[in-house]
Amino acid sequence: MAADMSLPLRAKPKNKTVSPSILIQALKGQKCNRIPFWYMRQAGRYLPEYNEIRKGRTFLDMSTNADVAYEITIQPHRRFQNDGLILFADILTPLHACGVPLYFEEKRGPVLERTISKEGDLQILESFSPAEQCPYIGETLTRLTAYASGQSERPAVLGFAGAPFTMASYLIEGGTSKKFEKIRSIMFGQPELFKKLCDRLVDMTVDYLRYQFKSGAEAVQLFDSWAGILSAEQYDEFAGRYTEEIIRRLKAEFDHPIILFVGGGHHLLPEMVRQNPDVISLDWRVRIEDVEKIPSRIGIQGNLDPLYLYGSKDRVIRETEAVLNRFASRPGYVFNLGHGIHPASPLENVEAMIQTIRNYR
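Positions 1 to 361 (full-length UniProt numbering) are the ones given, in order, by the sequence shown.
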């Protein structure tokens, strides 16, 4: 059924006692009475209610309007009762807030009209105050916290940010890329410029996630969407060291779980462990023997191939059960996809996946 398209002015918590979020319990390594779940891009185009609300609006219109972002974030929970509410925003929100001109093209994604190729270009990142430059993020999270508190089984409020390597790739490439030649040329040809850029992105990301925590986020996920193009040695030098610094600084201030996802990072698990996240989100290509080497102090999340949702209902159930059989015995396990859900994923298969998770014991 479609959700009510009216945009509420406020979400007021109901006056009742709520239990702690099962998702946060799991992300903190606790054994739960069932497997909690959420999935990347869970608020999106596979939902008819999302397609209804996006009519006549650009992506930036939606992601920078707290009323709309709030409504979109809760849509999958209204329909499926997911255990996490992942903030509806874009990975490039801090850059847009700083004044980097960008727009979104259908089927192409973000396009940045200013890129970085020399040291003078770094000045655009000199000042970032999230409370002043993207207050809609804080307002959305505050309202999500109120919504979550009013549910009989409270979902967790999740924030997120892009990791420095991925943010740098957008700033250097000007958008998505297949070969990543520009960023590689700066990594190897202008290593000091690359380091200065990533150092600034570390500060920006720490400030951004600190603001999210203070606004109500109970956990956050760091997305290093493009770092999977790197070898293990390159990841350590050009990506992991900066992610590790973000995690270290945030953990010094907050006791909130931090999840790390590296797109295509199935070959980088030992390197990801060294970044010391609370949870590693796995893609679908990892080998089970490699996952078994992840220390028990680090939780795991994942890792159904999202394209299985295009298969038959029986196949979806079978593959979901296979993932659960591999990982469910590990304390703190969270079910997720190995990447974002695809826009054409059939709703009946999403429902079958979720019902399988809920019924699993």
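Each residue gets a CB set at the ideal place from its N, CA and C atoms; glycine is no exception. All figures in this text were calculated on a predicted structure; none of them were measured in a lab.
{"Query": "Beta carbon of residue 320 nearer than 9 Å to that of residue 272", "Result": "no"}
{"Query": "Under the three-state DSSP convention, the category residue 20 falls into", "Result": "coil"}
{"Query": "For residue 328, the three-state DSSP class (helix, strand or coil)", "Result": "coil"}
{"Query": "DSSP-derived helix/strand/coil call for residue 355", "Result": "helix"}
{"Query": "For residue 68, three-class secondary structure by DSSP", "Result": "helix"}
{"Query": "Residue span of the beta strand (DSSP E) that contains residue 262, given as start and end", "Result": "258-262"}
{"Query": "Whole-angstrom distance between residue 314 and residue 191, CA atom to CA atom", "Result": "50 Å"}
{"Query": "Those runs of the alpha helix (DSSP H) which lie wholly inside the region 26-73 and span at least 4 residues", "Result": "48-53, 59-63"}
{"Query": "For residue 110, the three-state DSSP class (helix, strand or coil)", "Result": "strand"}
{"Query": "Which of helix, strand or coil DSSP assigns to residue 203", "Result": "helix"}
{"Query": "Residue 5 (DSSP reduced to helix, strand or coil)", "Result": "Caution applies to residue 5, whose pLDDT of 42 falls short of 50 and renders its modelled position unreliable; the model cannot decide the point."}
{"Query": "Same chain, Cβ closer than 6 Å to residue 176, neighbours up to 5 away in sequence not counted", "Result": "109"}
{"Query": "Start and end residues, alpha helix (DSSP H) containing residue 95", "Result": "93-98"}
{"Query": "Within 9 Å, strictly: CB atoms of residue 83 and residue 37", "Result": "yes"}
{"Query": "Three CB pairs or more closer than 8 Å across the region 121-131 and the region 54-74", "Result": "no"}
{"Query": "Cut-off 6 Å between Cβ atoms - residues of its own chain near residue 302, not counting five sequence neighbours on either side", "Result": "281, 282, 336, 338"}
{"Query": "CB contact below 9 Å: residue 211 versus chain B", "Result": "Looking for chain B here will not work: only one protein chain is present."}
{"Query": "Same chain, Cβ closer than 7 Å to residue 1, neighbours up to 5 away in sequence not counted", "Result": "Note that residue 1 scores 38 on pLDDT, short of 50, meaning its location in the model is unreliable and no value can be drawn from it."}
{"Query": "Helix, strand or coil at residue 303 [DSSP, three-state]", "Result": "strand"}
{"Query": "Option in 152, 226, 112, 257 with minimal Cα separation from residue 209", "Result": "257"}
{"Query": "Three-state secondary structure (DSSP) of residue 157", "Result": "strand"}
{"Query": "C-beta atoms of residue 161 and residue 222 nearer than 9 Å", "Result": "yes"}
{"Query": "The region 260-268 contacting the region 227-234, beta-carbon criterion three pairs below 8 Å", "Result": "yes"}
{"Query": "Spatial distance of residue 201 from residue 33 (CA atoms)", "Result": "39 Å"}
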